């Protein structure tokens, strides 16, 4: 029973982590629209930078995760860092906002150069937190898949829960939180949730259950 409870707790962390990731994506997109306009290019820029960060994080973590003796503890640190990045995004965006104005002035007669400059600047702001998010799933996969014969089932369950959490986070943020509260409160809530997820992961990593041994 303890093994099942332990697994459910870890799976719950990944579920809520996925929800936070999509809260970030939607609120970041709203922030960037303030300086880049409500255009398809703005949405594409944020989405491209976000997905590139996820891919980079998955790639790096996938290569390094087997070297970690404490993947759950490493996951906890990632969640804490994601939360700190979440709190730092609004100040970082405010600091970078004059740079967008400078790009408009510098490349006002070259739409292509302006688009490239805005993309590079936006990617610089988003790449670190998105990369951290991308590294979370490989680490938890390493922790949860202890047996080869159950690897496919475990990985499928992890990905499904993470994606379900992301879908729920996107729906609640887009249809409820942002229209009712604006951009910053959901962003603060997601950052706070990441810190809580990190604290819970640290607590689970210190429990005497070294690894879950039974599927729920």
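In the numbering used here, the protein residues as written are 361 to 576. No residue lacks a Cβ here, since even glycine has one placed at the ideal position from N, Cα and C. Bear in mind the structure is a predicted one, so any value in this text is a computation, not a measurement.
Check	Outcome
Proximity of residue 546 and residue 556 at Cβ, strictly below 9 Å	no
Limits of the unbroken alpha helix (DSSP H) element including residue 455	431–466
Cβ-Cβ distance between residue 500 and residue 432 below 9 Å	yes
Residue 398 - DSSP class collapsed to helix/strand/coil	coil
Proximity below 9 Å, CB of residue 494 to CB of residue 418	yes
Sequence-distant residues of its chain with Cβ nearer than 7 Å to residue 534 (five each side left out)	386
Nearest-angstrom Cα separation, counted from residue 498 out to residue 422	6 Å
Nearest-angstrom Cβ-Cβ length linking residue 492 and residue 445, presumed shorter than 8 Å	7 Å
Where residue 543 falls: helix, strand or coil (DSSP)	coil
Where residue 566 falls, given that 16 or more other Cβ within 10 Å makes a residue buried	exposed
Straight-line Cα distance separating residue 397 from residue 439	31 Å
N-terminal and C-terminal residue of the alpha helix (DSSP H) that residue 479 is part of	471–504
Nearest-angstrom Cα separation, counted from residue 526 out to residue 416	19 Å
Buried or exposed by the 16-neighbour rule on C-beta atoms within 10 Å, applied to residue 411	exposed
Cβ neighbour criterion (16 or more within 10 Å) applied to residue 377	buried
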